[in-house]
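Q: In case it helps, this note's numbering puts the sequence shown at residues 3 to 605.
Just so you know, even glycine gets a beta-carbon here, dropped at the ideal spot from N, CA and C.
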Amino acid sequence: MGRRVHSLLARQTAGQTSAGIKPPRKTEAIDSDGSFLALGIRPVMLTLAIALGLLQFWTGRYEMNPDGVSYLDLSDAFLAGDWPRVINGYWSPLYPACLATARTLCQPSAFQEFTVVHLANFMIYLGALASFEFFLQRLIRYQSVAGARLTARNSSGLPYYAWLSIGYAMFVWSSLTMITTTLVTPDLLVAAFVYLVAAIMIEMRVRPKSWFQPIAMGIVLGLAYLAKAAMFPFAFVAILVNSLGLRKLQAGSRSGAITMAAFVAVGGFLLIPLSISMHHPTFGETGKLNYVWYVNQLGHNRHWQGEPKHAGIPLHPTRKLSEKPDVFEYAHPISGTYPPWSDPSYWHAGVKVSLSVRDQLGAVFHHAKDYYKIFADLDFCISVIIILCLAQSFHSLIHRLRDYWFLIVPSLAVLGMYAVVHVESRFLGAFLTVLTLAFMACIRLPDASSSSMIFKPATYVLAFIFLVKTAIPIAQDAIKPRAGELQRAVADELPRLGLRPGDEVAFIGEPIYAYWARIARVRIVGEVPEWSVDDFWTASPDQKARVMDRFRATGVKAVIAEGGPVFDGSVPWKSLGESGLKIALFDQDRIPPGPRLGPLRNR
Numbered sequence: 003m004g005r006r007v008h009s010l011l012a013r014q015t016a017g018q019t020s021a022g023i024k025p026p027r028k029t030e031a032i033d034s035d036g037s038f039l040a041l042g043i044r045p046v047m048l049t050l051a052i053a054l055g056l057l058q059f060w061t062g063r064y065e066m067n068p069d070g071v072s073y074l075d076l077s078d079a080f081l082a083g084d085w086p087r088v089i090n091g092y093w094s095p096l097y098p099a100c101l102a103t104a105r106t107l108c109q110p111s112a113f114q115e116f117t118v119v120h121l122a123n124f125m126i127y128l129g130a131l132a133s134f135e136f137f138l139q140r141l142i143r144y145q146s147v148a149g150a151r152l153t154a155r156n157s158s159g160l161p162y163y164a165w166l167s168i169g170y171a172m173f174v175w176s177s178l179t180m181i182t183t184t185l186v187t188p189d190l191l192v193a194a195f196v197y198l199v200a201a202i203m204i205e206m207r208v209r210p211k212s213w214f215q216p217i218a219m220g221i222v223l224g225l226a227y228l229a230k231a232a233m234f235p236f237a238f239v240a241i242l243v244n245s246l247g248l249r250k251l252q253a254g255s256r257s258g259a260i261t262m263a264a265f266v267a268v269g270g271f272l273l274i275p276l277s278i279s280m281h282h283p284t285f286g287e288t289g290k291l292n293y294v295w296y297v298n299q300l301g302h303n304r305h306w307q308g309e310p311k312h313a314g315i316p317l318h319p320t321r322k323l324s325e326k327p328d329v330f331e332y333a334h335p336i337s338g339t340y341p342p343w344s345d346p347s348y349w350h351a352g353v354k355v356s357l358s359v360r361d362q363l364g365a366v367f368h369h370a371k372d373y374y375k376i377f378a379d380l381d382f383c384i385s386v387i388i389i390l391c392l393a394q395s396f397h398s399l400i401h402r403l404r405d406y407w408f409l410i411v412p413s414l415a416v417l418g419m420y421a422v423v424h425v426e427s428r429f430l431g432a433f434l435t436v437l438t439l440a441f442m443a444c445i446r447l448p449d450a451s452s453s454s455m456i457f458k459p460a461t462y463v464l465a466f467i468f469l470v471k472t473a474i475p476i477a478q479d480a481i482k483p484r485a486g487e488l489q490r491a492v493a494d495e496l497p498r499l500g501l502r503p504g505d506e507v508a509f510i511g512e513p514i515y516a517y518w519a520r521i522a523r524v525r526i527v528g529e530v531p532e533w534s535v536d537d538f539w540t541a542s543p544d545q546k547a548r549v550m551d552r553f554r555a556t557g558v559k560a561v562i563a564e565g566g567p568v569f570d571g572s573v574p575w576k577s578l579g580e581s582g583l584k585i586a587l588f589d590q591d592r593i594p595p596g597p598r599l600g601p602l603r604n605r
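1. Tell me, please, which residues DSSP counts as bridged to residue 562.
2. Is DSSP giving residue 380 helix, strand or coil here?
3. If I measure Cβ to Cβ from residue 518 and keep anything under 7 Å in the same chain, skipping five residues before and after, which residues do I get?
4. Any chance you could list the beta strand (DSSP E) runs of at least 3 consecutive residues sitting entirely within the segment 522 to 563, in chain order?
5. So for residue 502, helix, strand or coil by DSSP?
6. Do residue 445 and residue 159 have their CB atoms nearer than 8 Å?
7. Opposite residue 574 in the DSSP bridges: which residues?
8. Among 255, 509 and 520, whose alpha-carbon lies nearest the alpha-carbon of residue 560?
9. Around the Cβ of residue 192, are there at least 16 other Cβ atoms within 10 angstroms (buried) or fewer (exposed)?
10. Please look up how many angstroms separate the CB atoms of residue 183 and residue 269, rounded, as I've assumed it's under 8 Å.
11. Quick one, which of 552, 583, 263 and 53 has its alpha-carbon nearest residue 565's?
12. Could you check what DSSP says for residue 115 in three-state terms: helix, strand or coil?
13. Pull up the DSSP beta-bridge partners for residue 314, would you.
14. Taking the beta strand (DSSP E) that residue 321 belongs to, which residues open and close that run?
15. Can you list, in chain order, the residues of its chain with a C-beta nearer than 8 Å to that of residue 569? Leave out the 5 residues immediately preceding and following it.
16. Do residue 437 and residue 410 have their C-beta atoms closer together than 8 Å?
17. Helix, strand or coil for residue 74? Go by DSSP, reduced to three states.
18. Could you check the C-alpha separation between residue 92 and residue 106 for me, to the nearest Å?
19. Could you tell me how far apart the beta carbons of residue 468 and residue 174 are, in whole angstroms, since I believe they sit closer than 8 Å?
20. Quick check on the burial criterion: 16 or more other C-beta atoms within 10 angstroms. Buried or exposed for residue 472?
21. Rounded to the nearest angstrom, what separates residue 163 and residue 136 at their Cα positions?
22. Between which residues of its own chain and residue 296 is the CB-CB distance below 7 Å, once the five residues before and five after are set aside?
23. Would you grab the beta carbon distance between residue 68 and residue 343 for me? Rounded to a whole angstrom, and I think it's under 8 Å.
24. Leaving out five residues on either side along the sequence, give the residues of the same chain with a beta carbon under 6 Å from the beta carbon of residue 317.
25. Suppose you measure from the CA of residue 585 to the CA of residue 337; what does that come to, to the nearest Å?
26. Using the C-alpha atoms, what's the distance from residue 172 back to residue 435?
27. Contact defined as beta carbons within less than 8 Å: I believe residue 289 pairs with residue 276. What is the distance between those atoms, to the nearest angstrom?
28. If we count Cβ pairs, one from each stretch, closer than 8 Å, do we get three or more for the segment 219 to 236 versus the segment 255 to 272?
29. State the DSSP-derived secondary structure class of residue 248, mapped to helix, strand or coil.
30. Might you give, ordered along the chain, the residues of its own chain that have their beta carbon closer than 6 Å to the beta carbon of residue 65, omitting 5 neighbours on each side?
31. With distances taken between CB atoms, is the gap from residue 95 to residue 272 smaller than 8 Å?
32. Check whether the segment 323 to 340 and the segment 541 to 561 are in contact - that is, three or more C-beta pairs closer than 8 Å.
33. Taking 8 Å as the cut-off, decide whether the C-beta atoms of residue 188 and residue 230 are in contact.
34. Could you check whether residue 54 and residue 476 sit closer than 8 Å to each other, using their CB atoms as the reference points?
35. How about residue 420 and residue 355: do their beta carbons lie closer than 8 Å?
Here you go:
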């Protein structure tokens, strides 16, 4: 069946220009009842997609997340031409390169930087929308040709209005609810590449003899890897599945070889220097670290000191200065706003992956619950698709699935890959969209007016549900207080207290959420971690003085803390507005020194 479809596609597209498959003509978009309503759906859905994306950008323009600070630090390396620092074992380089480009074009102040970053995310979102449009139009044409042989059986594929309504609504929901423009991560950029890869795979079934399509697919897969390390294994799955799915073995082998060569040529810009930097062949340490954190249950510990014993021997962990309360220092050699999260692969060098059936089954079970929560948001859509698919004969359904297995298998492989290690909804948005639309392409409707009378309103209701599910959280975010404004207020206060860009501070609490440090351009180089905060506040005055002396010895200008009393009788804290934070300054010499201490311990 697959070969007949390829042959039919090739005949129907013979003589078309090299620009690719043309989208359906307007006359093809007319509903079966003669209505021209479908012609207005596309501009309406595009307008809604852009408007909702713009609203989410604006409401979240002051927000930040821990990964975003690290990506901004890497964008500093791009702007400074610090190429060794750009090669990072945990964070991929393409997204911070995009942020560096946006910062160069807009030249924002420190207080405007977060807004410019979210503007860059919105532009990436528009790029993902264009990629999705490219994919959707090719899928519609492929579906119409693949199902042409079934017209004699009084059935047809989904009408154009259904593809536009559900397709765009699905894109908006997956992009703005599962991924969002608010999170400063490369996932929207990855989504754009995923849609391009899916579109090119469809094109290669139309033009199996083209040299351009395999090269383009390899380049896009290489860029996806430069955006996110998890796309490295995905690239191999996509290339293999695409090669096997082509009409002839020789054509598939040639196409696969060309695609692989283009992928390696682009991905090699990171693969080779990263392997040299890490002193072993690697495409990134992200998967390894997430495995030991989430599967081996090492915990998201940024101060791994070698526990438990079977986890390995740390080569250069953060330096532990004291216990109860625990105090850590990490000023060098990693730079950045918060060095433990600027390059986790450096601080976790020496950690070992433990392959345990018990751990793995526990992780898969936990991630199955995560998938259940994600799919619960798709319950109505999935139910409709299942019902419509089951309405067909099993034999014909299997044959139709064979027409789209090249889209289904890579998407399922990615879902399986994340199920083994770690699942977050933002990882899955584009893959779930491709998977859902591929299953939709398998649906056949009876050619009857009663079918149209039922299906058309059901289609619009389904699209409406997706759009409402997306719009409500965005509207709620627009009216609720913004935590980002408190971060800006703290950053605004620090210069008035004498802190300058480049100064180093210590933190008592959870510093990974201290986004004010990025705005103020100060570095957090020491901490009493969150699990030991109570030990600090309940310690005796002498113990607190020892901790402060430890911090003073590292050269920090101030200690900033969360929790605890402002007046505790031992340290002269000053409140930082309404943030709940307080600060003790060393340069004002107001903190009495504790007992003389020996050399700082470094375990």
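A: Reading from the atomic positions:
1. Sequence index remark: in the sequence shown, residue 562 carries index 560 (1-based). Note: residue 562 sits in a beta bridge opposite 509 and 585.
2. Along the sequence shown, read from residue 1 onward, the residue named residue 380 stands at position 378. Of the three classes helix, strand and coil, the one that applies to residue 380 here is coil, per DSSP.
3. Locating residue 518 in the sequence shown gives position 516, where the first residue counts as 1. Taken in chain order, the residues that qualify are 489, 492 and 493.
4. Complete beta strand (DSSP E) runs here, min 3: 525 to 530.
5. Locating residue 502 in the sequence shown gives position 500, where the first residue counts as 1. Looking at residue 502 - three-state DSSP - the assignment turns out to be coil, as it is neither helix nor strand.
6. Within the sequence shown, residue 445 is the residue found at index 443, counting from 1. Within the sequence shown, residue 159 is the residue found at index 157, counting from 1. Yes. Within cutoff.
7. Sequence index remark: in the sequence shown, residue 574 carries index 572 (1-based). According to DSSP, residue 574 bridges with 569.
8. Working through the sequence shown from its first residue, we reach residue 560 at position 558. In terms of CA proximity to residue 560, 509 leads the group 255, 509 and 520.
9. Residue numbering aside, residue 192 sits at position 190 when the sequence shown is read from its first letter. Residue 192 should be labelled buried.
10. The residue given as residue 183 occupies position 181 in the sequence shown. The residue given as residue 269 occupies position 267 in the sequence shown. About 27 Å separates the two Cβ atoms, so there is no contact after all.
11. What you label residue 565 is simply residue 563 of the sequence shown in a count that begins at 1. Among 552, 583, 263 and 53, the Cα nearest to that of residue 565 is on 583.
12. Taking the sequence shown and counting its residues from 1, one reaches residue 115 at position 113. Of the three classes helix, strand and coil, the one that applies to residue 115 here is helix, per DSSP.
13. Residue 314 sits at position 312 when you count from the first residue of the sequence shown. DSSP, once it has assigned bridges, lists 353 as partnering residue 314.
14. Indexing the sequence shown from 1 puts residue 321 at position 319. Going by DSSP, residue 321 is part of the beta strand (DSSP E) stretching over 321 to 324.
15. Here residue 569 refers to the residue found at position 567 of the sequence shown. In the same chain as residue 569, and ignoring 5 residues on each side of it, the C-beta atoms closer than 8 Å to its own belong to 575, in chain order.
16. Locating residue 437 in the sequence shown gives position 435, counting from the first residue. Locating residue 410 in the sequence shown gives position 408, counting from the first residue. The answer is yes: Cβ separation under 8 Å.
17. Looking up residue 74 in the sequence shown gives position 72. Residue 74 falls in the helix class under three-state DSSP.
18. What you label residue 92 is simply residue 90 of the sequence shown in a count that begins at 1. What you label residue 106 is simply residue 104 of the sequence shown in a count that begins at 1. About 24 Å.
19. Within the sequence shown, residue 468 is the residue found at index 466, counting from 1. Within the sequence shown, residue 174 is the residue found at index 172, counting from 1. Sure, about 7 Å apart at Cβ, within 8 Å.
20. The residue you call residue 472 lines up with position 470 of the sequence shown. Buried, since its Cβ has 16 or more Cβ neighbours within 10 Å.
21. Stepping through the sequence shown from its first residue, residue 163 is reached at position 161. Stepping through the sequence shown from its first residue, residue 136 is reached at position 134. Taking the CA atoms as reference points, residue 163 sits about 17 Å from residue 136.
22. Walking along the sequence shown from the start, residue 296 turns up at place 294. The residues are 365, 423 and 424.
23. Here residue 68 refers to the residue found at position 66 of the sequence shown. Here residue 343 refers to the residue found at position 341 of the sequence shown. Confirmed, about 6 Å.
24. Looking up residue 317 in the sequence shown gives position 315. Cβ within range, chain order: 351 and 352.
25. Counting from one through the sequence shown, the residue named residue 585 turns up at place 583. Counting from one through the sequence shown, the residue named residue 337 turns up at place 335. Roughly 23 Å separates the two Cα atoms.
26. On the sequence shown, residue 435 is found 433 positions in, with the first residue counted as 1. On the sequence shown, residue 172 is found 170 positions in, with the first residue counted as 1. Between residue 435 and residue 172, the C-alpha separation is close to 6 Å.
27. Residue 289 sits at position 287 when you count from the first residue of the sequence shown. Residue 276 sits at position 274 when you count from the first residue of the sequence shown. Incorrect: roughly 13 Å between the Cβ atoms, too far for contact.
28. A contact exists between the segment 219 to 236 and the segment 255 to 272.
29. As a working mapping, residue 248 is identified with position 246 in the sequence shown. Looking at residue 248 - three-state DSSP - the assignment turns out to be coil, as it is neither helix nor strand.
30. Here the question's residue 65 lines up with position 63 in the sequence shown. The residues are 184 and 486.
31. Taking the sequence shown and counting its residues from 1, the one referred to as residue 95 is at position 93. Taking the sequence shown and counting its residues from 1, the one referred to as residue 272 is at position 270. In terms of Cβ geometry, residue 95 and residue 272 form a close pair [threshold 8 Å].
32. At 8 Å Cβ cutoff, the stretches touch.
33. Working through the sequence shown from its first residue, we reach residue 188 at position 186. Working through the sequence shown from its first residue, we reach residue 230 at position 228. If you check the CB distance, residue 188 and residue 230 come in under 8 Å.
34. Numbered from its first residue, the sequence shown carries residue 476 at position 474. Numbered from its first residue, the sequence shown carries residue 54 at position 52. The answer is yes: Cβ separation under 8 Å.
35. Translated into the one-based positions of the sequence shown, residue 420 becomes position 418. Translated into the one-based positions of the sequence shown, residue 355 becomes position 353. Contact flag unset, no.
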